[in-house]
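FYI, the numbering for the sequence shown is 1 to 146, going by UniProt numbering. Built from N, CA and C at the ideal position, the CB exists for glycine as well. All of these numbers come straight from a predicted model, not from anything done at the bench. Notes follow the structure.
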Amino acid sequence: MTAFHGYDAFTIKGSDHWKKINDGKNCALLKHIGCSQHKNAITCVENLMNQATHIENIILQLTQFFWLTFQACALRGHDEMPNSKNQGNFLQLLKLLASSNDEVENIILEKAPYNSKYTSIDIQKEILSIIANEFWKLIHNEVGDS
Numbered sequence: 001m002t003a004f005h006g007y008d009a010f011t012i013k014g015s016d017h018w019k020k021i022n023d024g025k026n027c028a029l030l031k032h033i034g035c036s037q038h039k040n041a042i043t044c045v046e047n048l049m050n051q052a053t054h055i056e057n058i059i060l061q062l063t064q065f066f067w068l069t070f071q072a073c074a075l076r077g078h079d080e081m082p083n084s085k086n087q088g089n090f091l092q093l094l095k096l097l098a099s100s101n102d103e104v105e106n107i108i109l110e111k112a113p114y115n116s117k118y119t120s121i122d123i124q125k126e127i128l129s130i131i132a133n134e135f136w137k138l139i140h141n142e143v144g145d146s
C-alpha cells in the first residue's frame, strides 16, 4: 500500500482485487473518486482532449528542437530553474519565440497545461533518439540502395 492507501490503484498501478471493488461503505471506486489521484487523472484527460492546443504545442517544440539539433547547439543549460539567468538554449529559444508571438506565448511553459510542457530531459532525450533513428534509417536506405 502507498501513503494514499491504494487510491492510486485506478490511475497508476492497476488493481487485482476486483472482489473488493463493490464492498458497500468500503467501495474502492467511491473512495477513489474524491482522491487527488482521481482529480489529477481527470485534469490530464481534459488537457489531452484539448487537441488543438496540445498539437500546436508539440509542433512548436519539435520545430525549435530540430533547429537547435541541426545547428549542433546544446539543448540544456546548467541550471534550468525558473529564476536562472540562462536556462539553456531550448528554453531560451522557446521564450524568444513566445516574446514575438502571442499565440505561442499562450500555449507554452507556465501557460501550458502541466502535463504537456514537453521540456523535461527525458522528453528531450526521447525526441533526440527518434531523430537519430530516423537519420540512421535514411542513411541505411541510401547506402543500401547504392
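Excluding the five sequence neighbours on either side, which residues of its own chain have a C-beta within less than 7 angstroms of the C-beta of residue i, listed in chain order?
| i | result |
| --- | --- |
| alanine 3 | Residue placement at alanine 3 is flagged as unreliable, the pLDDT there being 45, under the threshold of 50; the coordinate-derived value follows with that caveat. Closer than 7 angstroms at Cβ, skipping near neighbours: no residue. |
Do the CB positions of residue i and residue j come within less than 7 angstroms of each other?
| i | j | result |
| --- | --- | --- |
| leucine 75 | glutamine 37 | no |
| serine 98 | glutamate 105 | Position check: residue 98 holds alanine in this sequence, whereas serine was assumed. It is a contact, given that the beta carbons lie within the stated cut-off. |
| glutamate 56 | isoleucine 107 | yes |
| cysteine 73 | asparagine 50 | no |
| tyrosine 118 | glutamine 61 | yes |
Looking only at its chain, what residues have a beta carbon closer than 8 angstroms to the beta carbon of residue i, apart from the 5 residues adjacent to it on each side?
| i | result |
| --- | --- |
| isoleucine 121 | Arg76 |
| tryptophan 67 | Leu93 |
| phenylalanine 135 | none |
| lysine 137 | none |
| isoleucine 127 | Leu62 and Phe65 |
| serine 129 | none |
List the endpoints of the continuous alpha helix (DSSP H) containing residue i.
| i | result |
| --- | --- |
| asparagine 50 | Asparagine 50 -> no alpha helix (DSSP H), and no H or E assigned at all. |
Skipping 5 residues on each side, what residues in its chain have a beta carbon closer than 6 angstroms to that of residue i?
| i | result |
| --- | --- |
| leucine 93 | Gln64 |
| glutamate 110 | none |
| phenylalanine 96 | Inspection of the sequence shows that residue 96 is occupied by leucine rather than by phenylalanine. Same-chain partners within the cutoff: there are none. |
Ranges of the alpha helix (DSSP H) found wholly within the UniProt domain "DUF4371" (67-143), counting only runs of at least 4: 89-100 and 102-105
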